[in-house]
Every structure is written in C-alpha cells, then in structure tokens.
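Trainee: Before I ask anything, let me first share the structure, which is written out below as structure tokens.
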Amino acid sequence: MTRDELIETLKHDLEIQKEIVALKAVKEPPKDTPPYEGQAIPGMCALLGEIIQEGTAWYVTKENVGCFMSLTGTGTCKNLPRDKYLEFMIGQNE
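Under my numbering, the very last position in the sequence shown is 134; numbers go up by exactly one each time.
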C-alpha cells in the first residue's frame with residue numbers, strides 16, 4: 041500500500057476530516073528535517089496543531105515538549121518515580 045492509498049483509506053474508512061499526521065521515534069535527529077524551535081505548551085497536542093495548521097515538519101526533543109505523558113507515550117522517556125517526575129515537570133514548565 042502506498043502512502044497516498046493509506047491516507048485515502050484512513051480518511052474514507054475512519055471518516056477523518058483533518059490531515060493525517062505521523063510520528064516516528066528515532067535515536068538520532070534526521071539530517072533532512074529542521075529542529076523545532078521553542079517550547080510546545082502544553083506538549084504533543086500543541087505540536088500536532090502546529091503541524092496541521094502550518095503543514096510543516098520538524099523533529100522535536102524532550103526539551104521541546106512539556107507533557108510527560110506525550111514523552112512516555114512515544115517512548116522518549118521512561119516512567120519515572122514520583123519525585124523525578126515532579127522534578128522533570130517543574131524544569132520543563134519554568
């Protein structure tokens with residue numbers, strides 16, 4: 041199945057109205073994709089909104105995302121003990 045066929049299937053079968061957005065977790069930043077500038081607040085939701093509105097693509101790191109659930113959900117961060125989680129969240133949202 042090609043990319044276009046996959047998108048058409050998703051839009052038709054699931055009746056998705058907005059553009060399809062894909063995420064890929066990688067260990068090294070892609071060479072041909074620019075970095076995200078700034079802090080996405082509250083997190084992955086804001087990034088997805090920007091991608092849909094602007095039609096652009098970039099790579100992000102955990103320093104760009106303030107939502108720990110997004111980071112654990114994408115495998116970027118491992119679950120942390122409560123004290124480490126709070127320390128991380130406070131640092132991200134300063």
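Don't be surprised by glycine CBs; every beta carbon is placed ideally from N, CA and C.
As the structure is a computational prediction, the values presented were derived from the model and not from experiment.
For A86, which of Q57, P70, I47 and V61 has the nearest alpha-carbon?
Mentor: Of the candidates Q57, P70, I47 and V61, the one whose C-alpha sits nearest the C-alpha of A86 is V61.
Trainee: Inspect the beta-carbon positions of A65 and T116 and report whether they are closer than 8 Å.
Mentor: In this structure, T116 lies closer than 8 Å to A65 by Cβ.
Trainee: Can you list, in chain order, the residues of its chain with a C-beta nearer than 8 Å to that of L88? Leave out the 5 residues immediately preceding and following it.
Mentor: For L88, where only same-chain residues beyond five positions count, the Cβ hits under 8 Å are V61.
Trainee: Would you call G83 buried or exposed, if buried means 16 or more other Cβ atoms sit within 10 Å of its Cβ?
Mentor: When all chains shown are included, G83 counts as buried.
Trainee: Secondary structure at A97, three-state DSSP: helix, strand or coil?
Mentor: A97 falls in the coil class under three-state DSSP.
Trainee: Return the bridge partner residues of P75 from the DSSP annotation.
Mentor: Paired residues: Y99.
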